[in-house]
Amino acid sequence: GKACLDAGKHVFMEKPLALNARECEELVARDRSPDPVLMVGYVMRHDPLWTKFGQYLKNRTFGMPFQVSIWTEQYTD
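To convert a position in the sequence shown, counted from 1, into our numbering, add 193.
Right, dumping it as structure tokens:
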């Protein structure tokens, strides 16, 4: 991703973006274009159930969450 960012190319990287926070900061610092070109992929970001869950959190439908645990077997081998 670094070479692409240095060349001003759009970069889409699946999570994790890097192995630690310092490496993430280095990637973000390389993106100096006027329009952001670095994006982290989230496979489930547009899934209808996750969208609904996000609305519940945003609207505090069930109050302020203390802890959220989620388990899915949808993509297991």
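The C-beta atom is built at its ideal place from N, Cα and C for all residues, glycine as well. Just so we're clear, the structure is a prediction, and the values are computed from it rather than from any experiment.
The C-alpha of D240 is placed about 22 Å away from the C-alpha of V204. In the three-state scheme derived from DSSP, where H, G and I count as helix and E and B as strand, E219 is classed as helix. Annotation for Y249: F255 place their beta carbon closer than 8 Å to its own, counting only its chain and skipping 5 residues before and after. Using a Cβ distance threshold of 8 Å, L212 and L198 do not count as a contacting pair.
In the structure shown, F205 falls within a strand segment according to DSSP collapsed to helix, strand and coil.
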